[in-house]
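So the structure is just underneath, and the comments pick up after that.
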Amino acid sequence: MGKSALDAMTEHAIAELLSGSDARRRALVRDMVQRWPGESALKLIFALTSAAAEIEDMFGSDGESHRAHALGYKLSALLAADVYALEAMGPTPVRARYLLHFWRRVDPYFLEL
Numbered sequence: 492m493g494k495s496a497l498d499a500m501t502e503h504a505i506a507e508l509l510s511g512s513d514a515r516r517r518a519l520v521r522d523m524v525q526r527w528p529g530e531s532a533l534k535l536i537f538a539l540t541s542a543a544a545e546i547e548d549m550f551g552s553d554g555e556s557h558r559a560h561a562l563g564y565k566l567s568a569l570l571a572a573d574v575y576a577l578e579a580m581g582p583t584p585v586r587a588r589y590l591l592h593f594w595r596r597v598d599p600y601f602l603e604l
C-alpha cells in the first residue's frame, strides 16, 4: 500500500525544512499548496506541525535544527491564520488551492516569502 498524502506532505516538509536552503524553506508552503491543491488546507497545517515536531524530537533544539523546527511551527501558525480567514469568508472545508486565490487577492505573504 502506498503512503498517504499526509505522510508524503510531512516527509516533504521535513526534507525542505532540513535542506539548509533558505529559498526552499521560504517556498515550502507555496510548494505544498501547488503539489496538493485538492487536499484540505488543515491537512497541510497538520503536516507542517508534524514535521516541525518530528525535527524537534529527532534533533533537539540546537543550532540549525532549532531554526528548522521553529520555522515549521511559524509557517504552520501563519497558514492556520489564512485558513481561518478563508473559512470566515465562507468556503468550507478550505482546500489548498483556495489559498492561492486568497494570497493573490488578500494577503500575498506566502507568494512573496
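Going from the sequence shown to this note's numbering is simple: count from 1 and add 491.
Ideal placement from N, C-alpha and C gives every residue a C-beta, glycine not left out.
DSSP, read as helix, strand or coil, puts Ser556 in helix.
The C-alpha of Asp553 lies about 19 angstroms from the C-alpha of Leu566. Excluding the 5 residues flanking it on each side, Arg516 has same chain C-beta neighbours closer than 8 angstroms at Glu507, Leu508, Ser510, Ala559 and Leu562, in chain order. For Leu535, the enclosing alpha helix (DSSP H) starts and ends at Ala532 to Phe550. Excluding its 5 nearest sequence neighbours in each direction, Glu547 has C-beta neighbours in its own chain below 7 angstroms: His560, listed in chain order. Residue range Ala587 to Arg596 is occupied by the alpha helix (DSSP H) that includes Trp594.
For Leu509, the three-state secondary structure derived from DSSP is coil. For the segment 556-580, there is no continuous beta strand (DSSP E) assignment of 3+ residues that stays within its boundaries.
Taking a contact as a CB-CB distance under 8 angstroms, the pair Arg526 and Leu602 does not count as one, their CB atoms being some 16 angstroms apart.
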